[in-house]
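Some notes on the structure that comes next.
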Amino acid sequence: MSRLPIHRGLRVCARTVALILISTGLACASTGSNRSGAHEPFEHEEARRREARQVARQVAVLAGSVRDVDSRLELTFWAERGALTLVGYQSVERGGRAGRTVDREDLQRTIARALMSTTHHSGGEVVLRLRREAASWALEPGASFASERPLQARQVAGRREDAMPEPAALATDLRRLLEPVRVPANGTVWANVSVHLRDGRVVGWELEDWRVVRAGRGNKTPRPVSRRVVEEATSVVLLYAPGTGSRSLHLGLRLIHEGTAPAAEGWVEETRVLPLARPSGGVSRLTLP
Numbered sequence: 039m040s041r042l043p044i045h046r047g048l049r050v051c052a053r054t055v056a057l058i059l060i061s062t063g064l065a066c067a068s069t070g071s072n073r074s075g076a077h078e079p080f081e082h083e084e085a086r087r088r089e090a091r092q093v094a095r096q097v098a099v100l101a102g103s104v105r106d107v108d109s110r111l112e113l114t115f116w117a118e119r120g121a122l123t124l125v126g127y128q129s130v131e132r133g134g135r136a137g138r139t140v141d142r143e144d145l146q147r148t149i150a151r152a153l154m155s156t157t158h159h160s161g162g163e164v165v166l167r168l169r170r171e172a173a174s175w176a177l178e179p180g181a182s183f184a185s186e187r188p189l190q191a192r193q194v195a196g197r198r199e200d201a202m203p204e205p206a207a208l209a210t211d212l213r214r215l216l217e218p219v220r221v222p223a224n225g226t227v228w229a230n231v232s233v234h235l236r237d238g239r240v241v242g243w244e245l246e247d248w249r250v251v252r253a254g255r256g257n258k259t260p261r262p263v264s265r266r267v268v269e270e271a272t273s274v275v276l277l278y279a280p281g282t283g284s285r286s287l288h289l290g291l292r293l294i295h296e297g298t299a300p301a302a303e304g305w306v307e308e309t310r311v312l313p314l315a316r317p318s319g320g321v322s323r324l325t326l327p
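Everything in the sequence shown is counted per my numbering, starting at 39 for the first residue and increasing by one.
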């Protein structure tokens with residue numbers, strides 16, 4: 039018998055087996071890619087970009103009101119499918135010398151770029167850290183880590199502008215709420231404020247209490263809270279507002295009067311998010327429709 043037909047048959051079988059193996063391998067790789075989601079396109083790219091720009095604009099407004107050189111702001115967001123929900127905020131190293139005016143648009147672009155790199159997360163916390171320099175803000179290395187999903191976390195990127203609280207109305211309400219607070223001349227006061235939130239809306243305010251931390255000198259007239267403090271606190275509330283369900287936002291305000299200033303300056307030093315509780319009957323309260 040001739041060996042040529044046998045060799046030809048073996049070559050045909052080898053090619054057939056190779057084609058089967060290659061096809062099987064491609065199918066497995068395709069199935070694995072779909073399972074892991076590594077090569078799937080992001081479905082809401084434009085909404086993700088819009089979310090990052092909106093949050094960056096609000097952070098830039100907040101940072102733009104902070105003048106103290108060497109101040110540090112730390113904002114913690116829950117990032118999920120492009121949506122950014124603020125879950126933590128604190129400011130430290132405040133009270134230093136006043137710096138020059140910051141280019142807010144440049145700061146906004148810098149923050150937006152940083153946030154865009156975080157909104158691909160399928161679910162986890164990301165931290166944005168800012169340090170005030172003489173005429174600008176430096177973006178410090180942030181962090182991202184897994185944690186328990188907060189109840190108020192949003193899952194859809196893109197914030198509806200018409201659903202956002204009106205900044206001027208919030209500032210007016212907060213100014214009214216803080217009217218009882220008086221800071222001793224050249225003294226310091228700590229004030230605790232609760233903001234009641236429901237599905238992105240502010241539904242109530244409560245001034246829980248305030249106390250003198252450092253007594254002033256002499257018998258000079260105590261000072262009211264400055265407009266700048268109200269604006270900073272309003273910016274913090276606006277960042278926290280977008281979220282699902284009902285919750286209470288605690289703001290800890292440090293208020294300081296110096297020299298002959300007509301009003302006490304200060305800042306939002308700490309925040310906490312808590313389940314929405316019944317009003318505790320504090321110093322003053324505002325309930326909104």
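Idealized CB from N, CA, C, for every residue including glycine.
Nothing here was measured: the structure is a model prediction, and the numbers come from that model.
- Those residues which DSSP pairs with T123 across a bridge: Stepping through the sequence shown from its first residue, residue 123 is reached at position 85. Answer is W116.
- Message: Can you tell me whether L216 is helix, strand or coil according to DSSP?
- Response: Residue numbering aside, residue 216 sits at position 178 when the sequence shown is read from its first letter. DSSP places L216 in coil when its eight states are reduced to three.
- For the ligand SAH, any of its heavy atoms closer than 7 Å to the Cβ of T259? Although the ligand SAH was asked about, the structure shown includes no ligands whatsoever.
- Message: I'd like the span of the beta strand (DSSP E) that includes V240, first residue to last.
- Response: To locate residue 240, count along the sequence shown from 1; it is residue 202. That run of the beta strand (DSSP E) goes 239-252.
- Item | Cβ-based neighbour list, A279, same chain, cut-off 8 Å, excluding 5 preceding and 5 following | Position 241 of the sequence shown, counted from the first residue, corresponds to residue 279. So the qualifying residues of the chain are M202, P203, L235, G238, R239, V240.
- Task: Report the option in R132, D106, L145, L189 whose CA atom is closest to the CA atom of P313.
- Result: Numbered from its first residue, the sequence shown carries residue 313 at position 275. Of the candidates R132, D106, L145, L189, the one whose C-alpha sits nearest the C-alpha of P313 is L189.
- At least one CB of chain D closer than 8 Å to the CB of G304: is that the case? Although the question refers to chain D, the structure presented lacks it and comprises just one protein chain.
- Query: Between the C-alpha atoms of G290 and G120, what's the straight-line distance to the nearest angstrom?
  - Reply: Residue 290 sits at position 252 when you count from the first residue of the sequence shown. Residue 120 sits at position 82 when you count from the first residue of the sequence shown. Looking at the two C-alpha atoms, the distance is approximately 29 Å.
- Task: Please determine if the segment 95-111 and the segment 166-186 are in contact, where contact requires at least 3 C-beta pairs separated by less than 8 Å.
- Result: yes
- Query: What is the DSSP secondary structure of S273, reduced to helix, strand or coil?
  - Reply: Taking the first residue of the sequence shown as 1, we reach residue 273 at position 235. Helix, per DSSP.
- Where does Q190 fall in DSSP's three states? Position 152 of the sequence shown, counted from the start, is the residue given in the question as residue 190. Residue state, collapsed to three classes: coil.
- Taking the Cβ atom as the reference point for each residue, do E100 and E270 lie within a distance shorter than 8 Å? Position 62 of the sequence shown, counted from the start, is the residue given in the question as residue 100. Position 232 of the sequence shown, counted from the start, is the residue given in the question as residue 270. The sequence given here places Leu at residue 100; Glu does not occur at that position. Yes, these two residues count as a Cβ contact at 8 Å.
- Task: Name the two residues that bound the continuous alpha helix (DSSP H) containing G102.
- Result: For this step, residue 102 is matched to residue 64 along the sequence shown. Looking at the DSSP string, the run of the alpha helix (DSSP H) that includes G102 is 83-102.
- Sequence-distant residues of its chain with Cβ nearer than 7 Å to V250 (five each side left out): Taking the first residue of the sequence shown as 1, we reach residue 250 at position 212. P222, G225, V227, listed in sequence order.
- Message: Can you look up A152 in the DSSP assignment and give me helix, strand or coil?
- Response: Counting from 1 along the sequence shown, the entry for residue 152 is found at position 114. DSSP places A152 in helix when its eight states are reduced to three.
- Query: Assuming V219 and L122 make a contact with CB atoms under 8 Å, what is their CB distance in whole Å?
  - Reply: The sequence position of residue 219 within the sequence shown is 181, counting from 1. The sequence position of residue 122 within the sequence shown is 84, counting from 1. Not confirmed; about 32 Å, so no contact.
- Coarse secondary structure for V107, derived from DSSP in three states: Position 69 of the sequence shown holds residue 107. The answer is coil: DSSP assigns V107 none of H, G, I, E or B.
- Among A301, H288, R87, which has the Cα closest to the Cα of V125? The residue given as residue 125 occupies position 87 in the sequence shown. Looking from the CA of V125, the closest CA among A301, H288, R87 belongs to H288.
- Indicate the three-state DSSP secondary structure (helix, strand or coil) for E296 in the structure shown. If you number the sequence shown from 1, residue 296 lands on position 258. Here E296 sits in coil by DSSP.
- Message: Quick check: the Cα distance between A302 and R285, rounded to an integer number of angstroms?
- Response: Taking the sequence shown and counting its residues from 1, the one referred to as residue 302 is at position 264. Taking the sequence shown and counting its residues from 1, the one referred to as residue 285 is at position 247. The straight-line gap from Cα to Cα measures roughly 29 Å.
- Query: Name the DSSP bridge partner or partners of G304?
  - Reply: As a working note, residue 304 is residue 266 in the sequence shown. DSSP lists L293 as partners of G304.
- Message: Measuring alpha carbon to alpha carbon, tell me which residue in A117, V311, V194, A152 is nearest G180.
- Response: Start at 1 with the first residue of the sequence shown, and residue 180 comes out as number 142. Taking only the C-alpha atoms, the option nearest G180 is A152.
- Message: Pull the bridge partners of S284 from the DSSP assignment, please.
- Response: Reading the sequence shown from its first residue, position 246 is the one you call residue 284. Beta-bridge pairing links S284 to R236.
- Message: Less than 8 Å between the C-beta atoms of L277 and Q96, yes or no?
- Response: Sequence index remark: in the sequence shown, residue 277 carries index 239 (1-based). Sequence index remark: in the sequence shown, residue 96 carries index 58 (1-based). Result yes, Cβ atoms of L277 and Q96 sit closer than 8 Å.
- Item | Limits of the beta strand (DSSP E) - the one that E163 falls within | Residue mapping note: residue 163 aligns to position 125 of the sequence shown, counting from 1. Element bounds for E163: 162-170.
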